[in-house]
Amino acid sequence: MGSTKLLLVLFCLLLIISSSSAAHKKKMQARKPCKRLVFYFHDIIYNGKNARNATSAIVSAPAWGNRTLLSGKSHFGDVVVFDDPITLDNNLHSTPIGRAQGFYLYDKKETFTAWLGFSFVFNSTAHKGSINFAGADPLMNKTRDISVIGGTGDFFMARGIATLMTDAFEGEVYFRLCVDIKLYECW
Amino acid sequence: MGSTKLLLVLFCLLLIISSSSAAHKKKMQARKPCKRLVFYFHDIIYNGKNARNATSAIVSAPAWGNRTLLSGKSHFGDVVVFDDPITLDNNLHSTPIGRAQGFYLYDKKETFTAWLGFSFVFNSTAHKGSINFAGADPLMNKTRDISVIGGTGDFFMARGIATLMTDAFEGEVYFRLCVDIKLYECW
Amino acid sequence: MGSTKLLLVLFCLLLIISSSSAAHKKKMQARKPCKRLVFYFHDIIYNGKNARNATSAIVSAPAWGNRTLLSGKSHFGDVVVFDDPITLDNNLHSTPIGRAQGFYLYDKKETFTAWLGFSFVFNSTAHKGSINFAGADPLMNKTRDISVIGGTGDFFMARGIATLMTDAFEGEVYFRLCVDIKLYECW
């Protein structure tokens, strides 16, 4: 076999290897999470009477609202600060494995829609570090996607998608979210 | 040709291929968006009289402010929650193709500067999904860059830069922004 | 040497090169910042008397709080908007090289914990552009990590980790943070 021919064969081989690895990477990046975690978190809004149990409080309201009752029919303009327990199952009384901390605000006059900025903060043997989230939550939809915008510790530099599902809603005081976290960038 | 010499040639070839592909990637990443979108959005602040038309409301103000009038000379400390229509042109009355939802706050005593956390939420045949933004908006500048920190649906895992331009400003009630979205990470 | 044997040798070589380069990339990505910056910023909270010097103001508080005094024992529910000078050393009176602009909120009833959304905004010969941050700040810890979620200008598309350290704290009015910014994605 001449060396030119050999070069050609090798060159093709090289192209095949590199293109197939690129395709594989793309496919993996696009659809298969490098890490997946499912949690529940529990929000109990302060209503003037439940100071001991409340995990969140209304801190801002529009001109027509107040801070012990979610405003109007869609809560437009209410801002809520929270420190909610995270559990592995849907039981409020299970041992918390971390805290969901941050805020949400109701931002639509006609229906319930929220915007979220918060972190999951872990400090257990299972997980150490934090996952940071931001995004729109049209909470009347069965599932809603927000962004994982970063992470620290075990979740160093993480990016991905978190799918939120309302698992329970009692009056205007308690709600429970199921969060399915799919990380597509892991370091 | 001896096999050692051939090995050497192939090795050089390999280096050239890999380095040129790396350079190409770098250049592409640095300056050419993988997706570009231009939209307008329209903010009508509640002033106590325009409840029907208002798309946003002041929900927080500093001790010296109130929630029906932007405070002081630079609005320092005012937090505004919004659900603004997004249009393809600069006409407030064009059919909205999505909603800009989230908040901004004025954060400087001496001049107008804001900080933004919001999403573009789309649910049309043209676009489904959301784009999440965060960043500083020194709004007296002609153009200002904020970050695209994530996306969902059609904008799955997006990252990039959004350039904001104030397209119109009427009194302290209506303003219109043009947003030039340049995504540099597309999945 | 037969050409088949040569092919085999080259193929192995190829595998070794590609795998070692991948390992190198991983290692670099995981632990060595592509850019590192250390700054201080200074927060002086408005308390009703220091209007001239204050760089921040309480704009939201829970039902039991007010906006000239941080509420209760852990400040739970207080939201603070700030425009703080950034300096290269720990002296409040050094020439600022930029501004830290955004908000933080206290989000725990039992101890001091905050959630931050803000930007470093630079417009000097040394740095032009902005760095955007978000994350949980359990401020009783000596060091806390938050996420760099994006950047513009000199910090185009940046991602990374910022380690916060409380450098000084005087009463409930002044505090100074040291911020060690480690970028792991630079464009």
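Line by line, the protein sequences give chains Y, X and Z. The numbers in my numbering rise by one with no breaks, and the one at position 26 of the first sequence is 26. The numbers in my numbering rise by one with no breaks, and the one at position 29 of the second sequence is 1029. The numbers in my numbering rise by one with no breaks, and the one at position 5 of the third sequence is 2005. We put the CB at the ideal spot given by N, CA and C, even for glycine.
- Put simply, the CB of G1117 (chain X) is near chain Z, with a gap under 8 Å to one of its CB atoms.
- Runs of beta strand (DSSP E) with 3 or more residues, each lying fully within the stretch 154-187 of chain Y, are found at 159-170 and 174-185, listed in chain order.
- R2099 (chain Z) sits close to D2083 (chain Z), with the two beta carbons spaced by under 8 Å.
- The Cβ atoms of I2146 (chain Z) and L2164 (chain Z) lie closer than 8 Å to each other.
- Around I1044 (chain X), the same chain offers N1050, N1053, A1054, T1055, S1056, V1173 and Y1174 as residues with beta carbons nearer than 7 Å, after the five sequence neighbours per side are excluded.
- Per the Cβ contact rule, the stretch 1084-1092 of chain X is not in contact with the stretch 1109-1117 of chain X (fewer than 3 Cβ pairs under 8 Å).
- Exclusion of the five residues before and after V2080 (chain Z) leaves S2056, I2058 and Y2104 as the residues of its chain whose Cβ lies within less than 6 Å of its Cβ.
- Put simply, the CB of T2095 (chain Z) is far from chain X, with every gap to its CB atoms at 8 Å or more.
- Here the alpha carbons of L2037 (chain Z) and F2118 (chain Z) stand approximately 17 Å from one another.
- Contact note: F1076 (chain X) does not reach chain Y at a C-beta cutoff of 9 Å; the least C-beta distance is about 16 Å.
- Any Cβ of chain Z closer than 8 Å to the Cβ of V1038 (chain X) would place that residue at the interface, and such an atom is absent.
- Assignment of R2052 (chain Z) by DSSP, reduced to helix, strand and coil, places it in the coil class.
- For S130 (chain Y), none of the residues of chain X pass the 8 Å Cβ criterion, the least Cβ distance being about 16 Å.
- Scanning its chain for C-beta atoms nearer than 8 Å, with the 5 sequence neighbours on each side dropped, one finds around P2096 (chain Z) the residues P2085, I2086 and T2087, in chain order.
- Counting only residues of its own chain and dropping the five nearest sequence neighbours on each side, A2061 (chain Z) has a CB closer than 7 Å to the CB of R2067, S2071, G2077 and D2078.
- Within 10 angstroms of the beta-carbon of M2140 (chain Z) lie fewer than 16 other beta-carbons, which makes it exposed.
- Between G2150 (chain Z) and I1131 (chain X), the CB-CB gap reaches or exceeds 8 Å.
- Less than 8 Å divides the Cβ of P2033 (chain Z) from the Cβ of L2183 (chain Z).
- In chain order, Y106 place their CB closer than 6 Å to the CB of H75 (chain Y), counting only its own chain and leaving out the 5 sequence neighbours on each side.
- Within chain Z, T2113, A2136 and P2138 have C-beta atoms less than 9 Å from the C-beta of V121 (chain Y), given in sequence order.
- By the criterion of a C-beta distance shorter than 6 Å, F2039 (chain Z) is surrounded in its chain by I2086 and V2179, once the five residues flanking it on both sides are discounted.
- Listed along the chain, the chain Y residues whose CB falls inside 7 Å of the CB of I1149 (chain X) are A134, S147 and I149.
- Close CB contacts of P138 (chain Y) within its chain, under the 7 Å cut and outside five residues either way in sequence, are with T113 and R144 (chain order).
- In the structure shown, the three-state DSSP call for R1067 (chain X) is coil.
- Counting only residues of its own chain and dropping the five nearest sequence neighbours on each side, A1158 (chain X) has a CB closer than 8 Å to the CB of K1035, I1131, V1148, G1150, G1151, L1183, E1185, C1186 and W1187.
- Per DSSP, P2085 (chain Z) is one residue of the beta strand (DSSP E) stretching across V2079 to T2087.
- For the stretch 2079-2095 of chain Z, the set of positions with a beta-carbon nearer than 8 Å to some beta-carbon of chain X reads V2079, V2081, F2082 and D2083 in chain order.
- Proximity of Y1046 (chain X) to chain Y, defined by a Cβ-Cβ separation below 8 Å, is satisfied.
- Near chain Z, meaning a CB-to-CB distance below 7 Å, the residues of the stretch 1052-1063 of chain X are S1060, A1061, P1062 and A1063.
- For D1167 (chain X) and G2171 (chain Z), the gap between their C-alpha atoms comes out near 44 Å.
- Contact of M1165 (chain X) with chain Y is not assigned, every C-beta pair being separated by 8 Å or more.
- Flagged as an interface residue toward chain Z: Y1184 (chain X), by a C-beta distance shorter than 8 Å.
- Counting every other CB atom within 10 Å of its CB across the protein chains shown gives A1126 (chain X) a total below 16, marking it as exposed.
- Pairing F1156 (chain X) with A134 (chain Y), the inter-Cα distance amounts to about 14 Å.
- Across the set X:S1094, X:K1128 and X:R1031, the C-alpha of X:S1094 shows the shortest separation from the C-alpha of F1041 (chain X).
- In this structure, the CA atom of F1169 (chain X) is about 39 Å from the CA atom of F120 (chain Y).
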